[in-house]
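Residue numbering for the sequence shown follows the UniProt record's numbering, starting at 1 and increasing by one per position.
By construction, the Cβ of each residue, glycine as well, lies at the ideal position given by its N, Cα and C atoms.
Everything on this sheet refers to the single structure shown next.
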Amino acid sequence: MAEKIPQTKSKRNWWCSFSLVLILSVTTRFYKIAEPDHVCWDETHFGKMGSWYINRTFFFDVHPPLGKMLIGLSGYLTGYDGTFPFDKPGDKYENTNYLGMRTLCATLGASIIPMLFLTIDEMTNSIISSLFASLLIIFDIGLITLSQYILLDPILLFFMVGALLGAVKVSSNQIDEFSIQWWIWLFFTGTMLSCCISVKFVGLFIVLLVGLMTAVDLWNILGDLTRPATDTLKQLIARAIFLIIWPVTLYSIFFYIHLKVLNHSGSGDGFYSSAFQSQLIGNSLHNASMPRYVAYGATITFKNHKTGGGYLHSHYHLYPEGVGARQQQITTYTHKDDNNKWIIKRYNSKITDEVEIVRSGDLIRLEHLATKRNLHSHKEHAPITKKHYQVTGYGENGTGDINDVWKVSIINGKDGDEIKTVTSKLKFVHYLQSCVLTTSGKQLPKWAYEQQEVSCNPNLRDPNGIWNVEENIFDKLENVSFEVYAPSFFERFLESHAVMLQGNAGLKPKEGEITSRPWQWPINYRGQFFSGSNFRIYLLGNPVIWWGNIVFLLIFVVVFTFNAIKEQRGYVKQFTDCHSLKLKACAWLFVGWLLHYVPFWAMGRVLYFHHYFPAVIFSSLISGIIMDYLLEDIPKLFSEYLANTVRHTVLVMILSSLLYSFYLFAPLAYGMNGSSASESNSTMYGLKWMESWEF
Numbered sequence: 001m002a003e004k005i006p007q008t009k010s011k012r013n014w015w016c017s018f019s020l021v022l023i024l025s026v027t028t029r030f031y032k033i034a035e036p037d038h039v040c041w042d043e044t045h046f047g048k049m050g051s052w053y054i055n056r057t058f059f060f061d062v063h064p065p066l067g068k069m070l071i072g073l074s075g076y077l078t079g080y081d082g083t084f085p086f087d088k089p090g091d092k093y094e095n096t097n098y099l100g101m102r103t104l105c106a107t108l109g110a111s112i113i114p115m116l117f118l119t120i121d122e123m124t125n126s127i128i129s130s131l132f133a134s135l136l137i138i139f140d141i142g143l144i145t146l147s148q149y150i151l152l153d154p155i156l157l158f159f160m161v162g163a164l165l166g167a168v169k170v171s172s173n174q175i176d177e178f179s180i181q182w183w184i185w186l187f188f189t190g191t192m193l194s195c196c197i198s199v200k201f202v203g204l205f206i207v208l209l210v211g212l213m214t215a216v217d218l219w220n221i222l223g224d225l226t227r228p229a230t231d232t233l234k235q236l237i238a239r240a241i242f243l244i245i246w247p248v249t250l251y252s253i254f255f256y257i258h259l260k261v262l263n264h265s266g267s268g269d270g271f272y273s274s275a276f277q278s279q280l281i282g283n284s285l286h287n288a289s290m291p292r293y294v295a296y297g298a299t300i301t302f303k304n305h306k307t308g309g310g311y312l313h314s315h316y317h318l319y320p321e322g323v324g325a326r327q328q329q330i331t332t333y334t335h336k337d338d339n340n341k342w343i344i345k346r347y348n349s350k351i352t353d354e355v356e357i358v359r360s361g362d363l364i365r366l367e368h369l370a371t372k373r374n375l376h377s378h379k380e381h382a383p384i385t386k387k388h389y390q391v392t393g394y395g396e397n398g399t400g401d402i403n404d405v406w407k408v409s410i411i412n413g414k415d416g417d418e419i420k421t422v423t424s425k426l427k428f429v430h431y432l433q434s435c436v437l438t439t440s441g442k443q444l445p446k447w448a449y450e451q452q453e454v455s456c457n458p459n460l461r462d463p464n465g466i467w468n469v470e471e472n473i474f475d476k477l478e479n480v481s482f483e484v485y486a487p488s489f490f491e492r493f494l495e496s497h498a499v500m501l502q503g504n505a506g507l508k509p510k511e512g513e514i515t516s517r518p519w520q521w522p523i524n525y526r527g528q529f530f531s532g533s534n535f536r537i538y539l540l541g542n543p544v545i546w547w548g549n550i551v552f553l554l555i556f557v558v559v560f561t562f563n564a565i566k567e568q569r570g571y572v573k574q575f576t577d578c579h580s581l582k583l584k585a586c587a588w589l590f591v592g593w594l595l596h597y598v599p600f601w602a603m604g605r606v607l608y609f610h611h612y613f614p615a616v617i618f619s620s621l622i623s624g625i626i627m628d629y630l631l632e633d634i635p636k637l638f639s640e641y642l643a644n645t646v647r648h649t650v651l652v653m654i655l656s657s658l659l660y661s662f663y664l665f666a667p668l669a670y671g672m673n674g675s676s677a678s679e680s681n682s683t684m685y686g687l688k689w690m691e692s693w694e695f
């Protein structure tokens with residue numbers, strides 16, 4: 001390790017600064033935390049999911065479970081009973097103890113700032129850099145807004161910052177290697193990494209940053225000729241155990257708890273395979289008792305075998321004008337519903353009293369139970385996937401035409417094999433058009449209730465064209481209790497991830513929904529509504545801080561490049577420890593900013609403004625360090641007296657700008673009463689546009 005840097009800081013000044021940061025963090029994050037007393041923005045999702053944990057009801061979400069488990073636990077411990085519906089933004093919290101869940105998020109949001117103070121202090125050995133960086137986070141009204149509500153963001157940011165602090169401490173030259181303190185920080189770092197990615201998959205970005213920092217550490221240790229090569233091996237083994245094996249183990253433990261707690265059937269069942277559902281109490285497949293084989297005349301439901309696939313579904317509504325034939329819509333729907341039920345018939349609609357099992361290779365018709373129309377296809381383009389044919393519901397009272405006939409086959413089976421409930425993987429090939437019934441997974445517009453497209457693909461090898469019978473109702477066959485082979489935890493763990501990853505990739509904006517693009521984020525182009533009507537809250541970054549961050553990012557790149565060239569060319573002596581520490585700290589934070597921002601440019605999923613907040617923390621930390629760097633360097637151009645005068649003047653200007661901008665924009669975070677908006681201070685300060693907010 002490098003030689004230890006002498007400590008020149010005043011302990012009194014350090015504790016005064018740190019205490020100020022603590023007080024401001026708690027004050028700004030807890031002020032008016034109970035307001036508004038109604039559901040705001042994504043509290044509809046995460047408050048509801050916390051309720052489901054309390055009620056042990058299974059659900060589907062695109063994020064890993066830890067954040068929602070902590071929300072549910074905080075509600076349970078503070079007296080919330082899990083009964084509030086969290087239906088929509090604006091619903092009043094009547095007789096509901098919601099403050100416990102908000103308090104958890106505010107506590108974690110407030111804890112971010114002192115941890116960042118310690119991080120920058122460790123990286124730069126400068127109280128001023130630490131204080132500046134902390135103040136930029138404290139007075140960012142966007143971060144205040146995110147910290148005060150039942151959301152995943154403050155939980156994610158807490159673990160992200162914790163992982164960064166731990167990585168910096170482990171790499172620090174102020175802690176002896178393999179000391180008890182070093183092992184504690186290494187364990188802390190691995191725990192924070194695991195918790196971060198267990199809240200949202202974007203936690204992977206801090207994992208990459210810590211991985212890069214670790215790789216550089218190991219490379220530097222290997223290159224230190226004063227140390228034996230075995231030191232590198234010891235470091236590698238220690239970090240592999242605590243930064244790889246332990247986080248993976250802890251991550252798996254979180255999922256084990258998640259699957260154990262949510263053991264009752266709920267709204268998320270349909271996203272998972274039939275075998276997965278059979279483990280959920282209250283699901284129709286749990287301890288299932290139904291006919292083992294499928295017979296003609298049975299009422300059945302079909303589940304698409306694709307990961308996250310829905311049920312074959314129809315309803316009375318027709319395709320709109322200009323979307324193929326104006327016949328009944330066929331979709332997939334991921335929730336259990338009576339409109340998922342079909343009657344399986346012989347292709348010639350022959351009715352007999354004999355029980356006949358459906359076999360692979362048979363020609364069949366499928367009649368929708370509720371509407372009495374047959375599953376049908378023809379040479380019209382599908383609504384979204386134009387290379388496929390449209391699938392519709394056609395006919396009256398089960399009578400249609402030859403385009404209703406399908407050939408059913410068992411995957412990897414042979415003609416004549418009996419079709420079994422749940423376990424048989426089926427393919428339906430249209431008799432005339434020679435196309436396979438499939439689902440693209442693409443979301444249809446509002447005219448189809450944003451359900452998923454069903455089409456007929458001329459490519460018979462379509463991997464999404466595989467189905468299985470889930471429910472099987474037929475009185476003439478004996479119901480038998482059969483065990484779908486219960487999947488192991490590892491199988492359920494893998495399936496959960498496949499469903500989450502597919503759900504993330506498939507997130508698309510709804511009609512009329514306001515989204516944003518990554519280029520808009522750093523310039524604070526557009527925020528997000530959190531609450532409308534009589535109490536107005538708007539998520540927006542502090543413009544002074546955010547626009548200043550852009551400037552300081554550019555200054556850092558110029559200064560770092562210029563100094564690196566000068567040093568390489570030998571025009572200046574080696575930088576002082578102070579300069580080196582600050583530039584090195586900014587370099588790592590710049591890498592962190594890139595990792596948390598650039599990947600969003602390549603994402604095809606829907607994006608929102610709040611996705612930038614992990615990156616803005618890194619850019620604000622860079623700004624705090626660069627401000628200190630410039631305050632230290634620029635006054636050297638003057639005499640000693642003038643240097644101090646310039647330094648103090650600039651310092652006062654910076655602090656005044658921060659305080660004034662916070663006073664100006666604080667109503668965005670803490671809210672305003674709509675009835676008095678025209679009389680409020682914010683109108684005087686140029687925020688008159690708030691008067692016309694609509695939610």
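For histidine 381, the enclosing beta strand (DSSP E) stretches over residues 374-381.
Secondary structure remark: continuous alpha helix (DSSP H) runs of at least 4 residues inside the segment 116-188, in chain order: 127-138, 141-147 and 153-171. No Cβ-Cβ contact shorter than 8 Å links threonine 214 with leucine 581.
With a cut-off of 8 Å on Cβ pairs, the segment 119-136 is not in contact with the segment 45-55, counting fewer than three such pairs. Across the structure, tyrosine 525 and serine 496 are spaced so that their CA atoms are roughly 36 Å apart.
When DSSP states are grouped into helix, strand and coil, phenylalanine 474 belongs to the coil group.
As the crow flies, the alpha-carbon of glycine 604 is around 7 Å from that of alanine 505. Here threonine 307 is not near valine 558, since their CB atoms are 8 Å or more apart. Between asparagine 457 and histidine 388, the CB-CB gap stays under 8 Å. In this chain, the beta strand (DSSP E) harbouring glycine 441 covers 436-443. For leucine 70, the secondary structure class from DSSP, reduced to helix, strand or coil, is helix. Inside the segment 300-353, DSSP marks whole beta strand (DSSP E) runs of 3 or more residues at positions 311-318, 328-333 and 341-346, from first to last along the chain. The Cβ neighbour count for asparagine 340, taken over all protein chains shown within 10 Å, is at least 16; the residue is labelled buried.
Per the Cβ contact rule, the segment 186-204 is not in contact with the segment 226-236 (fewer than 3 Cβ pairs under 8 Å). Taking 8 Å as the cut-off, the beta carbon of valine 168 is found no closer than this to the beta carbon of leucine 116. Ranked by Cα distance from isoleucine 54, the options Asp81, Gly67, Gly270 and Val358 are led by Asp81. Under the DSSP assignment, phenylalanine 535 falls in the beta strand (DSSP E) whose first and last residues are 535-539. Threonine 392 has Gln329 and His376 as its beta-bridge partners, per DSSP. Between lysine 425 and valine 436, the C-beta gap is not smaller than 8 Å, which leaves the two residues out of contact. Distance between proline 445 and glutamate 321, taken at the CA atoms: about 14 Å. Looking from the CA of leucine 630, the closest CA among Ile565, Phe552 and Phe562 belongs to Phe552. Here serine 623 has Leu136, Gly548, Asn549 and Phe552 as same chain residues with Cβ atoms under 7 Å from its own Cβ, once five neighbours each way along the sequence are excluded.
In the three-state reduction of the DSSP assignment, arginine 569 falls in the helix class, which pools H, G and I.
The residue among Thr103, Gln390, Asn95 and Thr515 with its C-alpha nearest the C-alpha of serine 74 is Thr103.
At a Cβ-Cβ threshold of 8 Å, leucine 312 and valine 454 count as neighbours. Bounds of any alpha helix (DSSP H) do not take in isoleucine 410; it lies within the beta strand (DSSP E) bounded by 406-410. Ranked by how close their Cα comes to the Cα of lysine 372, the residues Gln328, Asp61, Asn13 and Glu632 have Gln328 in first place. Under DSSP, tyrosine 293 shares a beta bridge with Lys420. Of the residues assessed, cysteine 16 falls on the exposed side of the cut-off, its CB having fewer than 16 other CB atoms within 10 angstroms. Taking a 10 Å sphere around the C-beta of serine 19, we find fewer than 16 other C-beta atoms and assign the residue as exposed. For leucine 262, there is no enclosing alpha helix (DSSP H), as DSSP gives it neither H nor E.
Going by beta carbons, phenylalanine 560 and alanine 587 fall inside the 8 Å limit.
The segment 205-214 makes no contact with the segment 259-275: fewer than 3 CB pairs, one atom from each, lie closer than 8 Å. Just so you know, the alpha carbons of histidine 378 and aspartate 404 end up roughly 9 Å apart. Rounded to the nearest angstrom, the gap between the Cα atoms of leucine 164 and isoleucine 344 is 59 Å.
Using a 10 angstroms sphere on the CB of aspartate 462, the tally of other CB atoms reaches 16 or more, which defines it as buried.
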